[in-house]
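Going by the UniProt record's numbering, 604 is the number at position 604 of the sequence shown; the sequence numbering is gapless. Idealized CB from N, CA, C, for every residue including glycine. Note that the structure is predicted; figures quoted are calculated from it, not measured.
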Amino acid sequence: SLRNCSLQGSIPDFSRIPALGYLDLSYNNLTGEIPRARLSTNITTIDLSHNKLNGSIPESFGVLPQLQRLSLDNNQLSGDVPVGIRLNMSFGSNETLLLDFRNNSLSNITTTIRTIPNITIRLGGNPVCSQNNQRLIAEWCGTQNETEDTSGRTNNSVSTCPQNACPPPYYEYIQDTDCFCVAPFEVGYRLKSPGFYRFPSYLESFEEYLTVGLNLSLYQLSIDRYIWEPGPRLAMNLKFFPLKNPNVREFNDSEIQRLRQKFAEWKIPDSDIFGPYEWINITLTGPYAKLNLEPGGGSGLSKGALAGVLIGVIFGTTVVSSIAIIMVLKRRTKNKNTASRRKLLARQRIKIAGVKDFDFSEMALATNNFSASMQVGQGGYGKVYKGILADGMIVAIKRAQEGSLQGGKEFSTEIELLSRVHHRNLVSLVGYCNDEGEQMLVYEYMSNGTIREHLSASSKKPINFAQRLRIALGAARGILYLHNEANPPIFHRDIKASNILLDDRFNARVADFGLSRLAPAPDLEGSAPGHVSTVVKGTPGYLDPEYFLTHKLTDKSDVYSFGVVLLELLTGMQPISHGKNIVREVNMAYESGMMLSMIDSNMGSYPSECLEPFANLALSCCKDETDARPSMAEVVHKLEKILEFTPGADTTPSQSIEMEALAERKSMTVEMASQNPYVSSNILGSDLRSGTIPDIAPR
Numbered sequence: 001s002l003r004n005c006s007l008q009g010s011i012p013d014f015s016r017i018p019a020l021g022y023l024d025l026s027y028n029n030l031t032g033e034i035p036r037a038r039l040s041t042n043i044t045t046i047d048l049s050h051n052k053l054n055g056s057i058p059e060s061f062g063v064l065p066q067l068q069r070l071s072l073d074n075n076q077l078s079g080d081v082p083v084g085i086r087l088n089m090s091f092g093s094n095e096t097l098l099l100d101f102r103n104n105s106l107s108n109i110t111t112t113i114r115t116i117p118n119i120t121i122r123l124g125g126n127p128v129c130s131q132n133n134q135r136l137i138a139e140w141c142g143t144q145n146e147t148e149d150t151s152g153r154t155n156n157s158v159s160t161c162p163q164n165a166c167p168p169p170y171y172e173y174i175q176d177t178d179c180f181c182v183a184p185f186e187v188g189y190r191l192k193s194p195g196f197y198r199f200p201s202y203l204e205s206f207e208e209y210l211t212v213g214l215n216l217s218l219y220q221l222s223i224d225r226y227i228w229e230p231g232p233r234l235a236m237n238l239k240f241f242p243l244k245n246p247n248v249r250e251f252n253d254s255e256i257q258r259l260r261q262k263f264a265e266w267k268i269p270d271s272d273i274f275g276p277y278e279w280i281n282i283t284l285t286g287p288y289a290k291l292n293l294e295p296g297g298g299s300g301l302s303k304g305a306l307a308g309v310l311i312g313v314i315f316g317t318t319v320v321s322s323i324a325i326i327m328v329l330k331r332r333t334k335n336k337n338t339a340s341r342r343k344l345l346a347r348q349r350i351k352i353a354g355v356k357d358f359d360f361s362e363m364a365l366a367t368n369n370f371s372a373s374m375q376v377g378q379g380g381y382g383k384v385y386k387g388i389l390a391d392g393m394i395v396a397i398k399r400a401q402e403g404s405l406q407g408g409k410e411f412s413t414e415i416e417l418l419s420r421v422h423h424r425n426l427v428s429l430v431g432y433c434n435d436e437g438e439q440m441l442v443y444e445y446m447s448n449g450t451i452r453e454h455l456s457a458s459s460k461k462p463i464n465f466a467q468r469l470r471i472a473l474g475a476a477r478g479i480l481y482l483h484n485e486a487n488p489p490i491f492h493r494d495i496k497a498s499n500i501l502l503d504d505r506f507n508a509r510v511a512d513f514g515l516s517r518l519a520p521a522p523d524l525e526g527s528a529p530g531h532v533s534t535v536v537k538g539t540p541g542y543l544d545p546e547y548f549l550t551h552k553l554t555d556k557s558d559v560y561s562f563g564v565v566l567l568e569l570l571t572g573m574q575p576i577s578h579g580k581n582i583v584r585e586v587n588m589a590y591e592s593g594m595m596l597s598m599i600d601s602n603m604g605s606y607p608s609e610c611l612e613p614f615a616n617l618a619l620s621c622c623k624d625e626t627d628a629r630p631s632m633a634e635v636v637h638k639l640e641k642i643l644e645f646t647p648g649a650d651t652t653p654s655q656s657i658e659m660e661a662l663a664e665r666k667s668m669t670v671e672m673a674s675q676n677p678y679v680s681s682n683i684l685g686s687d688l689r690s691g692t693i694p695d696i697a698p699r
């Protein structure tokens with residue numbers, strides 16, 4: 001699902017993905033015609049609604065045997081509704097097909113398609129509904145009562161059993177022809193990304209999947225009720241029954257413990273159809289009310305072995321306690337200040353849409369108790385760990401060290417700011433932890449590391465010239481978003497090769513806004529200074545000389561740092577190495593005509609006509625004078641031009657659209673700059689109100 005991701009351009013060809021079962025591109029800005037190629041025969045749901053698609057509806061949708069929902073509503077589609085959609089295919093008794101074509105420009109439909117009762121068609125808001133055909137309007141144009149699978153109950157008990165015969169209130173009939181009274185227990189369960197639209201059609205296969213995963217018989221599971229939630233996600237209440245035995249009416253403790261562990265430790269394998277899941281809760285009432293579930297499994301130790309363990313523990317505890325008392329006395333003074341600081345940072349809930357609030361225990365579990373084996377980096381903010389969340393998502397967890405901890409208000413301000421930043425070339429914030437005196441930021445995990453790692457001489461994955469250009473352009477677009485489109489605009493302040501990460505497709509993702517500062521807000525007359533006065537922060541070798549001398553941070557400070565990154569991509573050199581500065585060294589080589597001697601040999605072959613403008617752009621970004629540097633919008637434009645003429649670096653369809661939008665923004669910025677002579681370059685902040693979000697304290 002890529003629902004509501006601000007996608008632009010045309011829809012790519014998904015026909016080469018044989019296992020595709022669910023496609024949701026709704027609520028984007030996609031344009032052009034829907035591809036004609038036939039999609040996977042496994043697909044159950046296609047949702048392309050709320051875009052700007054035009055042309056006719058492809059006939060290829062008519063040969064998808066598993067299709068349950070086709071949503072093309074709220075587009076600009078025209079022509080006829082294709083009559084061949086599953087027309088010649090048989091439907092099972094529980095199978096249905098919803099065709100939602102509302103609010104388009106469809107002009108005609110053949111009535112024979114309605115001879116199949118399992119198909120529901122929605123045509124409201126199309127010209128076809130204005131035809132003088134009362135039956136058509138009643139059946140297809142929205143006046144009939146249509147029902148969707150939003151929630152439901154499934155009663156698997158046998159109706160022939162006598163009513164009220166089980167001891168109330170905790171016993172029920174087991175699902176079978178014989179009327180056994182047993183005590184079930186209940187589990188709250190949620191499918192996080194199911195590959196279907198109607199649950200009843202998949203109910204039997206889901207019951208089989210779950211009981212096999214739990215090593216239960218099929219009759220031991222009953223799905224009491226379910227409800228669809230936004231996402232879409234499917235929440236349900238599961239009832240589990242003991243094995244059939246006239247002498248046994250309840251689960252024993254060990255069996256409940258076993259099932260609980262299956263859910264809690266995510267030991268039920270994921271399914272292509274049902275997707276990942278999450279365990280919501282377990283309800284133990286009646287005969288299970290006093291059951292104490294242990295976090296781990298049961299112990300198989302004998303009494304003698306247990307006694308031996310206890311003796312050893314007592315002896316060991318005595319020795320360890322003696323050592324610990326000595327160490328505590330030495331560290332008491334130091335820890336007193338730390339404890340006071342952490343006490344002030346008691347857990348505070350921050351409710352921000354789209355960002356998850358994690359407990360400390362969740363972070364510890366995700367990182368194997370912050371094991372050194374899970375540590376993937378360390379910076380000024382603190383250590384960075386690779387973490388695996390409960391739902392299987394891999395994340396990067398930045399744990400603040402003592403000197404980086406902030407007050408509750410400042411931390412919540414930073415979370416709110418980061419939650420607003422969404423761009424495909426920026427690392428997204430997944431969540432945060434502000435618990436037990438700890439502060440952590442949880443980001444997407446980038447599997448291919450940083451640019452710096454791939455420029456190292458020891459890198460096993462050297463990147464060629466075309467890849468470096470693409471990476472440079474992606475990073476530039478991310479920075480441009482921070483400067484021009486984030487609300488409020490942001491100066492990154494620590495652009496460097498190790499803060500530009502690469503995802504699994506080597507797309508650049510700018511990271512680490514730990515040192516970022518908000519761009520200046522305008523005063524009451526709409527004017528804003530072109531800089532922020534601040535204590536100098538950043539990384540040696542990347543620092544803007546003017547910022548270092550004047551403490552005035554501007555968007556051109558980020559441009560300078562990015563220019564250094566471009567030089568790294570060109571030469572493979574470190575910004576500072578053996579007392580040599582990369583900007584000075586490349587400038588000297590360029591002026592003496594020895595530029596080719598500086599090129600990174602790991603880059604492979606490159607077109608000379610593209611190399612020179614790339615080098616010129618990098619050096620122009622690194623000019624000492626702020627006004628001599630290009631804006632980030634100009635950097636993006638020049639990189640796009642270079643990429644156009646680079647073999648093996650074809651641009652994607654959405655890039656041309658982005659270039660047009662960029663030109664529009666550039667034009668708007670020029671107009672605004674004429675009204676505000678103090679803005680150093682393209683900072684769109686004139687519509688912001690001062691004080692909406694206070695400045696983030698530098699670390």
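Exercise for the section: Give the single residue among Gly437, Leu502, Asp357 and Arg470 whose Cα lies nearest to the Cα of Val430. Expected result: Within the sequence shown, residue 430 is the residue found at index 430, counting from 1. The option with the nearest alpha carbon to Val430 is Asp357.
Handout entry: C-beta contact flag for Asn448 and Leu389 at 8 angstroms
Key = As a first step, residue 448 is located in the sequence shown; it is residue number 448 there, counting from the start. As a first step, residue 389 is located in the sequence shown; it is residue number 389 there, counting from the start. Judged by beta-carbon spacing, Leu389 lies beyond the 8 angstroms limit of Asn448, meaning their Cβ atoms are not closer than that value.
Practice task
Provide the residue(s) that pair with Thr120 in DSSP beta bridges, ordered along the chain.
Solution key: In the sequence shown, residue 120 corresponds to position 120, counting from 1. Per DSSP, Leu98.
Handout entry: Cβ separation of Met446 and Val427, assumed to be a contact under 8 angstroms, to the nearest whole Å
Key = Translated into the one-based positions of the sequence shown, residue 446 becomes position 446. Translated into the one-based positions of the sequence shown, residue 427 becomes position 427. For Met446 against Val427, the beta-carbon gap comes to about 7 angstroms, under 8 angstroms, which counts as contact.
Problem - Any 3 or more C-beta pairs closer than 8 angstroms across the stretch 548 to 562 and the stretch 462 to 471 - result: The stretch 548 to 562 makes no contact with the stretch 462 to 471, as fewer than three CB pairs between them are under 8 angstroms.
Problem - Buried or exposed (CB count within 10 angstroms, at least 16 for buried), Leu259 - result: Walking along the sequence shown from the start, residue 259 turns up at place 259. Around the C-beta of Leu259, 16 or more other C-beta atoms lie within 10 Å, and the residue is accordingly described as buried.
Practice task
Go to Phe206, then tell me how far its alpha helix (DSSP H) extends in each direction, as first and last residue.
Solution key: Against the sequence shown, residue 206 aligns to sequence position 206. Under the DSSP assignment, Phe206 falls in the alpha helix (DSSP H) whose first and last residues are Leu203 to Leu214.
Problem - First and last residue of the uninterrupted alpha helix (DSSP H) at Met374 - result: Translated into the one-based positions of the sequence shown, residue 374 becomes position 374. For Met374, no alpha helix (DSSP H) segment is defined, and its DSSP state is neither H nor E.
Problem - Residues near Thr120 by beta carbon distance below 8 angstroms, same chain, minus five either side - result: Looking up residue 120 in the sequence shown gives position 120. Only residues of its own chain outside the window of five on either side were considered, and among them Thr96, Leu97, Leu98, Leu99 and Glu146 have a CB closer than 8 angstroms to the CB of Thr120, listed in chain order.
Problem - Reduced DSSP category for Arg584 - H, G, I as helix; E, B as strand; rest coil - result: Within the sequence shown, numbered from 1, the residue matching residue 584 stands at position 584. Helix, per DSSP.
Practice task
Taking all protein chains shown into account, decide if Phe206 is buried (16 or more other Cβ within 10 angstroms of its Cβ) or exposed.
Solution key: On the sequence shown, residue 206 is found 206 positions in, with the first residue counted as 1. Classification for Phe206: buried.
Problem - Pairwise C-alpha distance: Ile46 and Pro194 - result: The residue you call residue 194 lines up with position 194 of the sequence shown. The residue you call residue 46 lines up with position 46 of the sequence shown. Answer to the nearest angstrom: the Cα atoms are 13 angstroms apart.
Handout entry: Collapsed DSSP secondary structure at Gly579 in the structure displayed
Key = If you number the sequence shown from 1, residue 579 lands on position 579. If DSSP states are grouped into helix, strand and coil, Gly579 belongs with coil.
Exercise for the section: Determine the DSSP secondary structure at Ala366, reduced to helix, strand or coil. Expected result: In the sequence shown, the residue the question calls residue 366 occupies position 366. Ala366: helix per DSSP, three-state reduction.
Handout entry: Buried or exposed (CB count within 10 angstroms, at least 16 for buried), Leu221
Key = Translated into positions along the sequence shown, residue 221 becomes position 221. Label assigned to Leu221: buried.
Exercise for the section: Mark Asn4 as exposed unless 16 or more other C-beta atoms lie within 10 angstroms of its C-beta, in which case mark it buried. Expected result: Working through the sequence shown from its first residue, we reach residue 4 at position 4. It counts as exposed.
Practice task
Would you identify the three-state DSSP class for Tyr547, choosing helix, strand or coil?
Solution key: What you label residue 547 is simply residue 547 of the sequence shown in a count that begins at 1. Of the three classes helix, strand and coil, the one that applies to Tyr547 here is helix, per DSSP.
Problem - CB of Val395 within 8 angstroms of CB of Ile282, strictly - result: As a first step, residue 395 must be located in the sequence shown, where it is residue number 395. As a first step, residue 282 must be located in the sequence shown, where it is residue number 282. Note that the C-beta distance between Val395 and Ile282 is not below 8 angstroms.
Handout entry: As assigned by DSSP and simplified to three states, the class of Met603
Key = The residue given as residue 603 occupies position 603 in the sequence shown. Helix, per DSSP.
Problem - Helix, strand or coil at Gln68 according to DSSP, with G and I counted as helix - result: Position 68 of the sequence shown, counted from the first residue, corresponds to residue 68. Assignment of Gln68 by DSSP, reduced to helix, strand and coil, places it in the coil class.
Exercise for the section: Return helix, strand or coil for Ser78, following the three-state DSSP convention. Expected result: Position 78 of the sequence shown, counted from the first residue, corresponds to residue 78. Ser78 falls in the strand class under three-state DSSP.
Problem - Segment contact, 8 angstroms Cβ cut-off, at least three pairs: the stretch 431 to 441 with the stretch 471 to 485 - result: Contact fails: fewer than three Cβ-Cβ distances are below 8 angstroms.
Exercise for the section: Note down, in chain order, each residue of its chain lying with its Cβ closer than 6 angstroms to the Cβ of residue 724, except the 5 sequence neighbours on either side. Expected result: Nothing can be reported for residue 724, as the shown portion of the chain is limited to 1 through 699.
Problem - Whole-angstrom C-beta distance between Ile256 and Tyr277, which should lie under 8 angstroms - result: Against the sequence shown, residue 277 aligns to sequence position 277. Against the sequence shown, residue 256 aligns to sequence position 256. About 19 angstroms separates the beta carbons of Tyr277 and Ile256, which is beyond the 8 angstroms limit, so they are not a contact pair.
Problem - Length of the line joining the Cα atoms of Ala472 and Leu639 - result: Numbered from 1 along the sequence shown, position 472 holds the residue referred to as residue 472. Numbered from 1 along the sequence shown, position 639 holds the residue referred to as residue 639. Computed Cα separation, rounded: 8 angstroms.
Exercise for the section: Would you kindly work out how many angstroms separate the C-alpha atoms of Leu234 and Gly275, rounded to a whole number? Expected result: Working through the sequence shown from its first residue, we reach residue 234 at position 234. Working through the sequence shown from its first residue, we reach residue 275 at position 275. So the alpha carbons of these two residues sit roughly 11 angstroms apart.
Problem - Phe614 versus Leu191: straight-line alpha-carbon distance, rounded - result: Residue numbering aside, residue 614 sits at position 614 when the sequence shown is read from its first letter. Residue numbering aside, residue 191 sits at position 191 when the sequence shown is read from its first letter. One C-alpha to the other measures close to 48 angstroms.
Handout entry: Cβ distance (whole Å) where Asn42 is taken to contact Leu20 below 8 angstroms
Key = In the sequence shown, the residue the question calls residue 42 occupies position 42. In the sequence shown, the residue the question calls residue 20 occupies position 20. Yes, Asn42 and Leu20 are in contact; Cβ-Cβ is about 7 angstroms, under 8 angstroms.
Problem - Check whether Ser105 and Asn126 have beta carbons under 8 angstroms apart - result: Taking the first residue of the sequence shown as position 1, residue 105 is located at position 105. Taking the first residue of the sequence shown as position 1, residue 126 is located at position 126. Cβ atoms of Ser105 and Asn126: closer than 8 angstroms.
Handout entry: Supposed close pair Leu77, Ile57 - CB separation, criterion 8 angstroms
Key = Locating residue 77 in the sequence shown gives position 77, where the first residue counts as 1. Locating residue 57 in the sequence shown gives position 57, where the first residue counts as 1. Confirmed, Cβ separation roughly 6 angstroms.
Exercise for the section: Ignore the nearest five residues each way along the sequence and tell me which others in Glu625's own chain have a CB closer than 6 angstroms to its CB. Expected result: As a position in the sequence shown, residue 625 is number 625, starting the count at 1. The answer is none, since no qualifying residue turns up.
Exercise for the section: In the DSSP assignment, find the unbroken alpha helix (DSSP H) run with Gln261 in it and report its ends. Expected result: Numbered from its first residue, the sequence shown carries residue 261 at position 261. Note, Gln261: alpha helix (DSSP H), Asp253 to Ala264.
Practice task
Along the alpha helix (DSSP H) that carries Ala466, what are the first and last residues, could you check?
Solution key: Here residue 466 corresponds to residue number 466 of the sequence shown, with the count starting at 1. Ala466 -> alpha helix (DSSP H) spans Phe465 to Leu480.
Handout entry: Inter-residue Cα distance where the pair is Ser130 and Val81
Key = Looking up residue 130 in the sequence shown gives position 130. Looking up residue 81 in the sequence shown gives position 81. Near 15 angstroms, if we compare the C-alpha coordinates of Val81 and Ser130.
Handout entry: Cβ shell of Gly32 (< 6 angstroms), same chain only, five flanking positions each side left out
Key = Counting from 1 along the sequence shown, the entry for residue 32 is found at position 32. Only Ser10 meet the Cβ criterion.
Exercise for the section: Starting from the C-beta of Phe360, find all residues in its chain whose C-beta is less than 7 angstroms away, skip the five residues before and the five after it, and write them out in chain order. Expected result: As a first step, residue 360 is located in the sequence shown; it is residue number 360 there, counting from the start. Around Phe360: Cys433, Asp435, Glu436 and Glu438.
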